[in-house]
Ligand code: SF4
Ligand code: FES
């Protein structure tokens, strides 16, 4: 399957996953395009569309939680940022994704205390 | 000037933006792309990340003795005294 | 809206041993039929993540783990264990005269 087609297929499958979780694709279409393209390449190389912004360790249990969309496994953290780590997805009410910051997991956990 | 080291991924747009930030401010930095690194380097980076409570989220930015996980220009500036 | 039952003959009861599962094509719908503690469960065979066939996964208790990326679903209500908002479609089953029937009502939408 060519890359463009695969990208559209991922887009269609993933929007069905993130919708019920309260997320949508970022309005930053350039970013979305870039990230989906990375995922298509990663899928070709590694067999699954792993996260372009998080590192794999080779341990299945760790790595499978980093197949896009990884939101279910990082729900609280991402909900606090209103975006996923990569920014591919944002909360449905977000119109200006540049206003959202990456908050590290550690900062997030500390803020909860 | 504080030493700046970035752990990045070759596929991550926020890593690119972080590099761009230091370039634009004429701050010399070293970087390693985790996904392109050899196994030994990967293990070292992983240890470093885990030690800082980060689950392998990139960019991982070391400024002197401080660490910033994520793209955060305000924090970079503050730590660099800009 | 008038929702009609669409009971379809799936298999004979003795074709599926307890604890086993089988992939079926029922009127064009990919269905996974499972038998657990004597009860039949039918769910869509397409994983809600990336559409891998759940028939290639592994069943433990009432949880099927997709073979592709290990997402886990409860076969009784279809819920994804890590985020119950995501569900694999579940169909009713009934046993009549030694045969298993699946109600495809709502399938294929
Ligand atoms: S952080 Fe975003 S892009 Fe990366 S895997 Fe998770 S959901 Fe996908
Ligand atoms: S396709 Fe089933 S877990 Fe990814």
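Protein chains in written order, with our numbering: chain P, 501 to 613; chain L, 1469 to 1550; chain F, 68 to 176. Yeah, the Cβ is synthetic: ideal placement off N, Cα and C, and Gly gets one too. None of the values given here were measured: they were computed from a predicted structure.
- Less than 7 Å divides the Cβ of residue 109 (chain F) from the Cβ of residue 158 (chain F).
- Pairing residue 549 (chain P) with residue 568 (chain P) gives a Cβ-Cβ distance under 7 Å.
- Straight-line spacing of the CA atoms in residue 531 (chain P) and residue 1482 (chain L) works out to 10 Å.
- Annotated three-state conformation of residue 75 (chain F) is strand, per DSSP.
- Note on residue 1469 (chain L): under 16 other CB atoms within 10 angstroms of its CB, so exposed under the neighbour-count rule.
- Chain F has a Cβ within less than 7 Å of the Cβ of residue 513 (chain P).
- The C-beta of residue 599 (chain P) comes no closer than 7 Å to any C-beta of chain L.
- By the Cβ-count criterion, residue 599 (chain P) is exposed, with fewer than 16 other Cβ atoms from all chains shown falling within 10 Å of its own Cβ.
- By alpha-carbon distance to residue 542 (chain P), the top candidate from L:1478, L:1549, L:1544 is L:1478.
- Taken in chain order, the members of the stretch 553-572 of chain P whose beta-carbon sits within less than 7 Å of a beta-carbon on chain F are 564, 567, 572.
- In its chain, beyond the 5 residues on either side, 605, 608 have a beta carbon closer than 7 Å to the beta carbon of residue 577 (chain P).
- Here the distance from the Cβ of residue 136 (chain F) to the nearest heavy atom of the ligand FES is below 6 Å.
- Each residue's CA atom was taken as its position, placing residue 114 (chain F) and residue 1546 (chain L) some 46 Å apart.
- Of the heavy atoms belonging to the ligand SF4, at least one sits nearer than 6 Å to the Cβ of residue 568 (chain P).
- Straight-line spacing of the CA atoms in residue 125 (chain F) and residue 118 (chain F) works out to 16 Å.
- Within chain P, the C-beta atoms nearer than 8 Å to that of residue 1479 (chain L) come from 538, 541, 542, 552, 553, in chain order.
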